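Take a look at the structure below.
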C-alpha cells in the first residue's frame, strides 16, 4: 500500500513539474514571438519611411528637372 501511495505521489509531482515547465516554455515562446513581431514591425516602419523619403526626393528632382 505504501508503495502504491509513493508511486502516486511521485507521478503527481512529476505531472505538476512538467506542467510548470511547459507553462514557462509557452510563456517564453509567446514573449519571443511578441519580440519578433515588434522587431519586424519596427523594421517595416523604418523601411517604409526610407522609401517614402526617397520617393519625395525623386519627385522633387523630377519637378526641378521639368522647370529647367
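In our numbering, the protein residues as written are 133 to 200. All residues carry an ideal CB built from backbone N, CA and C; glycine is no exception. Keep in mind that this is a model prediction, so the values were computed, not measured.
With respect to the alpha helix (DSSP H) encompassing residue i, which residues constitute its N-terminal and C-terminal limits?
i           : result
residue 133 : Neither: residue 133 is in no alpha helix (DSSP H) and is coded neither H nor E.
Under 8 Å between C-beta atoms, does residue i make it to chain D?
i           : result
residue 190 : The structure shown contains no chain D; it holds only a single protein chain.
Task: Any beta strand (DSSP E) of 3 or more consecutive residues that is wholly inside the region 153-187 - done: none
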